[in-house]
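A.B. asks: Input: one structure, supplied below.
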Amino acid sequence: MPAILPAGRRPIRACLVLVLGLLCGGVQALPQAAALAAPERRTRFDVAEATWSALDLSPDGRMLLFDLLGDIYALDRRGGTARVLLAGTAFEHSPVFSPDGTRFAFISDRSGSNNVWIANRDGSGLKQLSHDHGVEYFAAPAWTPDGRSVYASRSLPSLLAFEIHAYPVEGEGAATGKITQAMPNGEGFDARIQALGAAPSPDGRYLYYASKTGTTWSGKTVPPNWSIIRHDLATGVRDTLLAPVGGAMRPVLSHDGRLLVYASRQGLRTGLRLRDLASGEDRWLAFPVDRDAHDGGYYADLLPHFAFTPDDRAIVFFRDGKPRELALDGSEKTIPFKAHVDLRLGPSLHVDQREESGPVRVRTLGSPALSPDGTRWAFSALGRLYVQDSAPGSRPLPVAAVPGDAWQPAWSPDGRRLAYVSWSPAAGGAVWSVPLDGGAPTRASRGAGFFSEPQFSADGRRLIALRSSHYDRLHAITETGAVRASDLVTLPIDGGDEVLLAHATGARALAVTDNTLRYYGPQGLATLALDAPAEPVRQATIKATAMSQYVAATVPVGEARSSPDGRHALAVSASQLYLLPLPPVRQGSVPTLDLADPATPRIKLTAVG
């Protein structure tokens, strides 16, 4: 196999659409910008069904609103052809009429982020009520009985829980602010209080909603997961009104406040139940209906919105793709409809890329190791071992005696041999050493384990490596980031019985100095004496603040190594490399270094990939 040579740069073609807006030019800049814009992409088709669509009925009982593929449509209650009210590249859903029927509220991302909006009955007069700019989620808008505010459930990815907020439409005296709190007392991650699908009583005193304890992905092992809460807005008292075994979700109140319809499960199927709030009578109203969303992310509520008819004798809802009118006495009729879908898809994000041909250009070297005298590098690439002089302009040469399936090279103390590991699904793994003067490789391990990070002992007569189960490696859930049960073992360089040094699950970054093995693991930096092995000595714990889309937390750094003299450490956090002095270890005390603490001495060296 030839040495790895850098291939020539290949052209990468990309389609770049640049839209220029001149603020100082006002509307005069629009024609120029339009000329530079990409051609509009659209798709058009007709439908007579809609999947998991939210539906509402006007107070006069004449018009239905529903969402379809991110657009909002109006439909005569008797059925027919739906007409689009709101369309475009924005994704809009969950329309609900105001109490007087002149406007409707809905959720839209037309501002660039999800927010609560309102519009006139015909889709004109758009007005934004909430003004979030991040990755917030909104669900289940509902008007206050006086029509002066809109309730909505709002969630942040960092919170992983929905809270109900009130957004005033206009004027003083309207309901506003946070109605429920996910963490009123600083609850932990799985003790947060969810609140979804507000349904205000006609007198405005009570708010009914679905609630559960835990984050989006928390699930109780004992049902119900969701219950219906009756929240007294005057006193703040919250009573659990409904908690059947099948759960209680998506409450909808009748106009007189006497009846409540909610979703529940029987087995794995979802249905609608009817509760008489005066008598307590409770029965199935429709079973089954479309599947609820409590097993998923429920970012658009647990079930699409449905509504009572003005006389409270029936409900209207979508089931099996069709709008239905279901009388409380059990009779049902389908509302036939068809809709013309005209979706604006926005500009294409496709980028053409030409595949390179010719010599392979390796972009990442595996486990580069510098020779003891500092004159050569060893590394793996594409499953082979290479050695390269450290002088500028030198080229890597393959280790001819090692044909392939070789990784993680390590130098012997005299620089004349390399240790490495091999692995294949059928044969398992092994630890090897090979002389660099042309001799054949020698196998040091006997069993078919999964070995990693071989190191020579100070006298060059033994190899130290991490050993894990071959079976566990074959049946790992993930290829990367897996923490396997592993042992630190020594092996005679010419082969023989392995000797257990210590159990070291999650250990990595092995390095040998004199008769001391240094490594990094879940408990931080540690050292182990090779001549008289006992329990590893914990050297230091290094932590940093890690940010994810959900939560910021102080966690151990992803990688760390101690210097050969044990006085300094290199640590990687958030793709930054830090040099830290290590304080001396005192008996019974392990120092903790926190990179988030300004008082922690450290030097940021560089950004790493």
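Here the sequence shown stands for residues 7 to 615, numbered as in the working numbering. Even glycine gets a Cβ: it sits at the ideal position worked out from N, Cα and C.
#1: Is Y477 helix, strand or coil by DSSP?
#2: Could you tell me which residues DSSP pairs with W149 in its beta bridges?
#3: Is the beta carbon of S463 sitting closer than 8 Å to the one on W413?
#4: Using 10 angstroms around the beta-carbon of K339, count the other beta-carbons present and answer buried if the total reaches 16, otherwise exposed.
#5: In the DSSP output, which residue or residues are listed as bridge partners for T622?
#6: Consult DSSP for A88 and reduce its assignment to one of helix, strand or coil.
#7: Is it true that the CB of V563 sits closer than 8 Å to the CB of S579?
#8: Can you name the start and end residues of the beta strand (DSSP E) that W290 belongs to?
#9: Determine the extent of the beta strand (DSSP E) in which F619 is found, giving its start and end residues.
#10: When DSSP builds the beta bridges, which residues end up paired with M255?
#11: Grab me the residues of G67's own chain with a C-beta within less than 7 Å of its C-beta, minus the 5 sequence neighbours each way, in chain order.
#12: Where does G183 fall in DSSP's three states?
#13: Using the DSSP secondary-structure output, state which residues sit across from V437 in a beta bridge.
#14: Where do the N-terminal and C-terminal ends of the beta strand (DSSP E) with E169 fall, by residue?
#15: Run through DSSP, which three-state label would Q529 get?
#16: When burial is assigned at 16 or more other CB atoms within 10 Å of the CB, is E46 buried or exposed?
#17: Indicate, with yes or no, if the ligand SAH has a heavy atom lying under 7 Å from the CB of P374.
#18: Alpha carbon to alpha carbon, how far is P342 from G85? Give it in angstroms, no decimals.
#19: Who does H574 pair with in a DSSP beta bridge?
#20: Just confirm the distance between the C-beta atoms of R350 and R48, as a whole number of angstroms; I'd bet it's less than 8 Å.
#21: Are the stretch 290-309 and the stretch 191-205 in contact at 8 Å, needing three or more beta carbon pairs?
#22: Among V357, T186, G131 and A249, which has the Cα closest to the Cα of A167?
#23: Nearest-angstrom Cα distance between M69 and K184?
#24: Mark R401 as exposed unless 16 or more other C-beta atoms lie within 10 angstroms of its C-beta, in which case mark it buried.
#25: Work out the CA separation of G421 and S396 for me, nearest whole Å.
#26: For S207, which option in L259, K218, G252 and S224 has the closest C-alpha, if you only look at C-alpha atoms?
#27: Grouping DSSP H, G and I as helix and E and B as strand, with all else coil, what is A375?
#28: At a cut of 8 Å, does the stretch 434-441 reach the stretch 457-472 through at least three beta carbon pairs?
#29: Where does L494 land, buried or exposed, given buried means 16+ other C-beta within 10 angstroms?
#30: For Y215, which of helix, strand or coil comes out of DSSP?
#31: By alpha-carbon positions, which one of Y215, T182, L165 and Y214 ends up nearest to E193?
#32: Which partner residues of G277 appear in the DSSP bridge assignment?
#33: Can we say the stretch 283-302 touches the stretch 311-330, given the rule of at least three CB pairs closer than 8 Å?
#34: Where L135 and W123 are concerned, what is the direct C-alpha to C-alpha distance, given to the nearest angstrom?
#35: CB-CB under 7 Å to H476, same chain, minus the five flanking residues each way: which ones, in chain order?
#36: Does chain C have any CB closer than 8 Å to the CB of P597?
C.D. replies: On the basis of the data shown:
#1: helix
#2: V156
#3: no
#4: exposed
#5: Not covered by the structure: residue 622. The range shown for the chain is 7 to 615.
#6: coil
#7: yes
#8: D288 to A292
#9: For the chain, the structure presents residues 7 to 615; residue 619 sits outside this window and is missing.
#10: A269
#11: R83, T315 and P316
#12: strand
#13: V427
#14: A167 to P174
#15: coil
#16: exposed
#17: Ligands in the displayed structure: none, and consequently the ligand SAH is not present.
#18: 5 Å
#19: P587
#20: 6 Å
#21: yes
#22: T186
#23: 32 Å
#24: exposed
#25: 14 Å
#26: L259
#27: strand
#28: yes
#29: buried
#30: strand
#31: L165
#32: S270
#33: yes
#34: 5 Å
#35: G434, G435, A454, G455 and F456
#36: Going by chain labels, chain C is absent from the structure shown, which holds only one protein chain.
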